[in-house]
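A.B. asks: The structure under discussion is supplied below as structure tokens; questions concerning it will follow.
In the working numbering, the protein residues as written are 6 to 321.
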């Protein structure tokens with residue numbers, strides 16, 4: 006889960022919680038208001054015989070001031086508990102200023118000779134004073150959930166990182182043969198402490214064989230045939246490089262003579278370097294001829310599996 010996703014989630018949780026709270030609060034307040042209206046209506050019904058209301062049937066004008074005082078006493082009794090006010094009993098009104106902001110509620114009291122209307126005004130308040138504390142609590146819950154989600158996300162990221170590290174350990178870098186012209190040594194990247202020194206001729210010929218086979222992977226190199234001129238040219242270049250590096254060299258070797266001996270020296274050096282990794286011999290090891298006659302004529306000492314990623318030459 007990204008940081009932006011966590012922020013959006015926190016906001017959605019806060020808004021959803023706020024909507025649920027306000028809906029529940031509205032329904033609860035509505036139920037309380039209905040109950041309060043019912044209580045006041047019952048109280049007025051009980052006090053009705055003592056109220057000096059006008060009566061058209063009896064042609065009685067009533068005492069409006071006494072009724073207003075009664076309405077005020079009812080309002081004083083319910084003022085601490087509710088936003089509702091009793092504003093009229095029958096034709097006697099006890100009005101508030103700016104009545105347009107109120108919700109109007111009417112109830113009827115039926116007597117033997119007339120229908121008395123009782124009117125209420127309910128002040129609509131979307132935000133109550135206690136809502137501030139609820140908002141703080143909801144914000145705290147949303148932020149707490151966000152921190153929890155962030156912690157889980159970091160934990161999952163850590164697990165993924167551990168899995169990647171474990172995968173790297175299980176699938177390490179492949180073995181690579183390292184040939185150093187400065188020291189004329191051959192090592193492998195897995196065990197660099199095991200090194201073998203090669204003489205000039207097998208060293209130059211092996212490097213030339215590697216380069217030639219990388220460029221010509223399908224070529225057949227048979228000991229019964231002449232060594233390709235291109236391969237010999239590469240071997241001579243490596244020999245001149247050894248000269249430039251200051252190695253004591255009497256004369257340039259003839260790479261076409263004693264080919265089997267040269268290949269044997271290369272194989273012997275590789276046997277030591279790859280002693281702990283025999284599975285890699287198929288890449289670096291010049292194949293030996295097996296059998297006699299026609300089978301040996303089909304043999305190739307070329308490195309058909311090698312690539313540029315398998316070899317590193319230092320001082321080239």
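Every residue gets a Cβ at the ideal spot worked out from N, C-alpha and C, and that includes glycine.
Would you call residue 45 buried or exposed, if buried means 16 or more other Cβ atoms sit within 10 Å of its Cβ?
C.D. replies: A buried status is given to residue 45, since no fewer than 16 other beta-carbon atoms sit within 10 Å of its beta-carbon.
A.B. asks: Identify which residue in 87, 57, 85 and 88 has its Cα closest to the Cα of residue 75.
C.D. replies: 57
A.B. asks: I'd like the span of the beta strand (DSSP E) that includes residue 214, first residue to last.
C.D. replies: Run containing residue 214: none in the beta strand (DSSP E); it sits in the alpha helix (DSSP H), 205 to 220.
A.B. asks: What does DSSP give as the partner residue(s) for residue 3 in the beta ladder?
C.D. replies: Outside the displayed range of the chain (6 to 321) lies residue 3, so it cannot be described from this structure.
A.B. asks: Could you have a look at residue 199 and say whether DSSP puts it in helix, strand or coil?
C.D. replies: coil
A.B. asks: Residue 318 by DSSP, collapsed to three states: which one?
C.D. replies: strand
A.B. asks: Alpha carbon to alpha carbon, how far is residue 36 from residue 18? Give it in angstroms, no decimals.
C.D. replies: 27 Å
A.B. asks: Assuming the contact rule is C-beta atoms closer than 8 Å, residue 304 and residue 294 should be a hit. Round their C-beta distance to whole Å, please.
C.D. replies: With a contact defined as Cβ atoms closer than 8 Å, residue 304 and residue 294 qualify at about 4 Å.
A.B. asks: In the DSSP assignment, find the beta strand (DSSP E) that holds residue 241 and state where it starts and stops.
C.D. replies: Not the beta strand (DSSP E): residue 241 falls in the alpha helix (DSSP H), residues 234 to 249.
A.B. asks: So, under 8 Å CB-CB, residue 1 and residue 183 are touching, yes? Tell me the CB distance rounded to an integer number of Å.
C.D. replies: In the structure as shown, the chain starts at 6 and stops at 321, and residue 1 therefore has no counterpart that could be examined.
A.B. asks: Can you give the Cα-Cα distance for residue 300 and residue 262, rounded to whole angstroms?
C.D. replies: Unreliable placement is indicated for residue 300, whose pLDDT of 45 sits below 50; the coordinate value is still reported in the next sentence. Looking at the two C-alpha atoms, the distance is approximately 22 Å.
A.B. asks: Does chain D have any CB closer than 9 Å to the CB of residue 85?
C.D. replies: No chain D appears in this structure, which consists of one protein chain only.
A.B. asks: The beta strand (DSSP E) that contains residue 306, what's its start and end?
C.D. replies: Note, residue 306: premise wrong, no beta strand (DSSP E); not H, not E.
A.B. asks: Do residue 59 and residue 69 have their CB atoms nearer than 9 Å?
C.D. replies: Yes, these two residues count as a Cβ contact at 9 Å.
A.B. asks: State the DSSP-derived secondary structure class of residue 37, mapped to helix, strand or coil.
C.D. replies: helix
A.B. asks: According to DSSP, which residues form a beta bridge with residue 111?
C.D. replies: 124
A.B. asks: So if DSSP puts residue 182 in a beta bridge, which residue, or which two residues, is it bridged to?
C.D. replies: Answer is 193 and 316, bridged to residue 182.
A.B. asks: Which full runs of the alpha helix (DSSP H) of 4+ residues lie inside the region 43 to 72, going along the chain?
C.D. replies: none
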